[in-house]
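These notes concern the structure reproduced below.
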Amino acid sequence: MEVAGALSIFQRSQSLYNVRYTKYLGDGDSKAFTSIVENKVYGDHCSVEKLECIGHVMKRMGTRLRRLKTKMRGQKLSDGKPLCGRNRLTEAEIDRLQAYYGLAIRRNLSSVKDMQQAIWAIFLHKLSTDEKPQHGFCPSDSDTWCKFKKAELLGETYHHKNSLPLDVVEAMRPVFRDLANPELLKKCLHGGTQNPNESVNNVIWSRVPKKTFVQLEVLSLGTYDAVSSFNMGNVSKLEILRKMCIEPGDYTVQAMECLDKQRLLRAKYYCLQKTKEVRKEKRLKRKKEDDELLKNADNLE
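First residue of the sequence shown: 21, per our numbering; consecutive thereafter.
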């Protein structure tokens, strides 16, 4: 369905709007883009360029590291210890590495070389110890994620607490090498994400759930309502009523405006730093519990 929809959008762009879409923003495993390329929607003289959603690319770090954990479960590294466990590659550590990787991309959108350097800075950062600090590539501005650099800016001494053992970091090297590939990073220079698409999809499915079969007329109506609400808010329904020669009453107008205000207040609440930190703490707590369960399972084996 997604493939057919994307293909249709590209095929009708010239006849409807007299434009050609030369860039396609999607996730890594998008079959829709493959279909567009194979069908040569604009002939042989106009190609469509694939851009990566930096949100999806960021998540690849977490996905690859979790896959590595699963693959090496029960195996010992050269230091005689497993890959995961206390002070090693935990779920919380994976989340941190994923966040650092995302920052490396977002803060260096002007240069692939700078992106690569920032990504390998994470790798070296995790190898650093008090005896051998390796923070030469870490960002040194005031909002740096590197605590060593922060301490340096404040003129303080920093003691490394979150370093990972050499064998653990070396086990992650292939993941960093793949995700620092210039061809991949080149597709991230635009800095865009699929978040708006995901958001409007969520609004559509709240009206016409994917698991519930409906006929085309109901699906179309639900989509029209979702898109108008997404773009203009619930007050868009008032304009629809007027187009149907139905003048909305005062209570209807007040109700729609109230719903829009609640929506904005809810959005602002979720954007608050304090709210983000609470969500982050809950997520980290859940990850730690998962690590404990995994550790206990390994001990039973």
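Even for Gly, the Cβ is constructed at its ideal location relative to N, Cα and C.
Since the structure is predicted, the reported quantities are computational estimates derived from the model, not experimental observations.
Assigned exposure category for H155 - 16 Cβ within 10 Å defines buried
Flag for H155 reads buried.
Assign T54 to one of two classes, buried (16 or more other C-beta atoms within 10 Å of its C-beta) or exposed (fewer than that).
Looking at its Cβ environment, which holds fewer than 16 other Cβ atoms inside 10 Å, T54 is exposed.
Helix, strand or coil for Y3, going by three-state DSSP, please let me know.
An answer regarding residue 3 cannot be provided, because it is not within the stretch 21 to 321 covered by the chain.
Who are the near neighbours of R193 in its chain, counting only those whose CB is closer than 8 Å to its CB and skipping five residues on each side?
The residues are F143.
Taking only runs of the alpha helix (DSSP H) that begin and end inside the region 66 to 139, which ones reach a length of at least 4 residues, in chain order?
Annotation: the region 66 to 139 contains the following complete segments of the alpha helix (DSSP H) (minimum length 4 residues), in chain order: 74 to 91 and 111 to 126.
On the three-pair Cβ rule with 8 Å, is the region 69 to 82 touching the region 207 to 226?
The region 69 to 82, when compared against the region 207 to 226, does touch it at the 8 Å Cβ threshold.
Collapsed DSSP secondary structure at K43 in the structure displayed
Shown here, K43 sits in a strand according to DSSP, grouped into three states.
Could you tell me the alpha carbon to alpha carbon distance between L279 and N254, rounded to whole angstroms?
Rounded to the nearest whole angstrom, the C-alpha separation of L279 and N254 is 7 Å.
Helix, strand or coil at S50 [DSSP, three-state]:
Here S50 sits in coil by DSSP.
For the region 225 to 232 and the region 91 to 109, state whether three or more C-beta atom pairs, one from each stretch, are separated by less than 8 Å.
With the cut-off at 8 Å, the region 225 to 232 and the region 91 to 109 do not touch.
Which residues in the same chain have their Cβ closer than 7 Å to the Cβ of A200, if we skip the five residues on either side of it in sequence?
Hits under 7 Å: Q136, I139 and W140.
For K170 versus T164, is the C-beta spacing smaller than 8 Å?
Against a cut-off of 8 Å, the Cβ pair of T164 and K170 comes out as a contact.
C-alpha gap between C104 and Q118, whole angstroms
Rounded to the nearest angstrom, the two C-alpha atoms are 16 Å apart.
DSSP state of S219 mapped onto helix, strand, coil
S219 falls in the helix class under three-state DSSP.
Which word fits F233, buried or exposed, when buried means at least 16 other C-beta atoms lie within 10 angstroms of its C-beta?
With fewer than 16 Cβ atoms within 10 Å of its Cβ, F233 is classed as exposed.
Taking 8 Å as the threshold (beta carbon to beta carbon), is E301 in contact with chain D?
Annotation note: the requested chain D is absent from the structure, which comprises a single protein chain.
Roughly how many whole angstroms lie between the Cα atoms of S219 and S98?
Using only the alpha carbons, I get a separation of about 46 Å.
Beta-carbon contacts of Q40 that lie in its chain and below 8 Å, excluding the five residues immediately before and after:
In the sequence under discussion, the amino acid at residue 40 is Arg, which differs from the Gln named in the question. Contacts found: S33, Q34, Y62 and C66.
Taking the alpha carbon of L36 as the reference point, which residue from S28, I56 and C265 has its own alpha carbon closest?
Ranking the options by Cα distance to L36, first place goes to S28.
What's the gap between the Cα of E277 and the Cα of H179?
Going from the Cα of E277 to the Cα of H179 covers about 54 Å.
Just to confirm the assignment, what range does the alpha helix (DSSP H) spanning T243 have?
Judged by DSSP secondary structure, T243 falls within the alpha helix (DSSP H) whose first and last residues are L236 to M252.
Cβ separation of K13 and V77, assumed to be a contact under 8 Å, to the nearest whole Å:
Because residue 13 is not part of the residues shown, which for the chain are 21 to 321, the question remains open.
Could you check where the alpha helix (DSSP H) with K275 kicks off and where it finishes?
First, the amino acid is wrong: residue 275 is Ala here, not Lys. Segment D270 to C291, the alpha helix (DSSP H) holding A275.
Curious, which full-length beta strand (DSSP E) runs of at least 3 residues does the region 155 to 179 contain?
As far as the region 155 to 179 is concerned, it has no whole beta strand (DSSP E) run of at least 3 residues.
With H, G and I counted as helix, E and B as strand and the rest as coil, what does DSSP make of L184?
Reduced to three states, the DSSP call for L184 is coil.
For K294, I'd like the list of residues in its chain whose CB is within less than 7 Å of its CB, leaving aside the five on either flank, ordered along the chain.
Closer than 7 Å at Cβ, skipping near neighbours: no residue.
Buried or exposed: S130, going by 16 or more other Cβ atoms within 10 Å of its Cβ?
S130 should be labelled exposed.
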